[in-house]
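Chains as they are written, first to last, in the working numbering: chain A, 24 to 133; chain B, 357 to 470. Virtual Cβ for every residue (Gly too), placed ideally from N, Cα, C. Bear in mind that the values here come from a model prediction, so they are computed numbers and not experimental data. Take a look at the structure below.
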Amino acid sequence: GESVGLHLPTLSVQEGDNSIINCAYSNSASDYFIWYKQESGKGPQFIIDIRSNMDKRQGQRVTVLLNKTVKHLSLQIAATQPGDSAVYFCAGEHTDKLIFGTGTRLQVFP
Amino acid sequence: SAVISQKPSRDICQRGTSLTIQCQVDSQVTMMFWYRQQPGQSLTLIATANQGSEATYESGFVIDKFPISRPNLTFSTLTVSNMSPEDSSIYLCSVGVSSGNTIYFGEGSWLTVV
């Protein structure tokens, strides 16, 4: 069945460093992937997405990499800031349904 | 993107009672979904809200416990019936403008059952 999971539950980084959050998925039929950021007390906020016909997509300070061979997804945040502290979820879409990973908490230290 | 409003944003409910959560979108959307997020956990899809027909429920969720309505393309409700403390969760409405496009979330309804 479909599952999307994360390697690490918590990631601690120093302000200004780059952050890399990883995600693995099991269903090779997933053709669309989204990263969400969830701050305390709020709903998930869309960050960036990527389709299965791409292997890299860049946004403002964020990059998503997709490796379909090993079914792996990563989110890279450049120059991490205190405002980046949140829980990050990857989600894979198949037949219009999103399946979420377990989440990684990103903690940014000064 | 779509602007999604949920009501109530928070509530404390007595066990055995039922609560209806409303989701209003500022534009017509093709797809509407309801998710549950238990404390410290990830999001789990409850059901797809279908306009004019019965919702499509995921494994582990049933209509008697989570009845859903979707009378039009901008509005849906989720009822949590006969609540118990295990139902204490965030309930999130999400929408997709069209198939294969980004899914957006509301801020959630934070329910505590006592």
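Which chain A residues sit within Cβ distance under 7 angstroms of residue 464 of chain B?
Within chain A, the residues near residue 464 of chain B are 66.
Can you give the Cα-Cα distance for residue 438 of chain B and residue 372 of chain B, rounded to whole angstroms?
Taking the straight line from one Cα to the other gives about 4 angstroms.
With 8 angstroms set as the bound, which would you pick, yes or no: does the beta-carbon of residue 332 of chain B sit closer than that to a beta-carbon of chain A?
The first residue shown for chain B is 357 and the last is 470, placing residue 332 of chain B beyond what the model contains.
Got a sec? Which residues, its chain only, sit under 6 angstroms from residue 433 of chain B by beta carbon, not counting five neighbours each side?
Answer for residue 433 of chain B: 376, 378, 425, listed in chain order.
Thinking just about the alpha-carbon of each residue, which of B:403, B:415, B:364, B:419 is nearest to the one in residue 450 of chain B?
Here the closest residue by C-alpha is B:403.
Below 8 angstroms between beta carbons: does that hold for residue 48 of chain A and residue 79 of chain A?
Their beta carbons are not under 8 angstroms apart, which means residue 48 of chain A does not touch residue 79 of chain A by this criterion.
Give me the residue from A:103, A:125, A:132, A:104 with the minimum Cα distance to residue 59 of chain A.
It is A:125.
Can you have a look at residue 392 of chain B and say buried or exposed, based on whether 16 or more other CB atoms are within 10 angstroms of its CB?
Classification for residue 392 of chain B: buried.
Please report the distance separating the alpha-carbon of residue 397 of chain B from that of residue 367 of chain B.
Distance between the alpha carbons of residue 397 of chain B and residue 367 of chain B is about 19 angstroms.
For the ligand COA, is there a heavy atom less than 7 angstroms away from the beta-carbon of residue 372 of chain B?
This structure lacks the ligand COA, and indeed carries no ligand of any kind.
In angstroms with no decimal places, state the Cα-to-Cα distance between residue 56 of chain A and residue 75 of chain A.
Cα-Cα distance, rounded: 8 angstroms.
Under a three-way DSSP split, which group does residue 442 of chain B fall into?
Helix.
Compare the C-beta of residue 429 of chain B with all C-beta atoms of chain A and state if any pair is closer than 8 angstroms.
No, residue 429 of chain B lies away from the interface with chain A (no Cβ there is under 8 angstroms from its Cβ).
When you compare only the Cα positions, how much space is there between residue 472 of chain B and residue 407 of chain B?
Residue 472 of chain B is absent from the structure shown; chain B starts at 357 and stops at 470.
Write down the C-beta distance between residue 444 of chain B and residue 469 of chain B rounded to the nearest angstrom, noting that I regard them as a contact closer than 8 angstroms.
About 5 angstroms; that satisfies the 8 angstroms criterion.
Where does residue 115 of chain A land, buried or exposed, given buried means 16+ other C-beta within 10 angstroms?
Buried is the call here.
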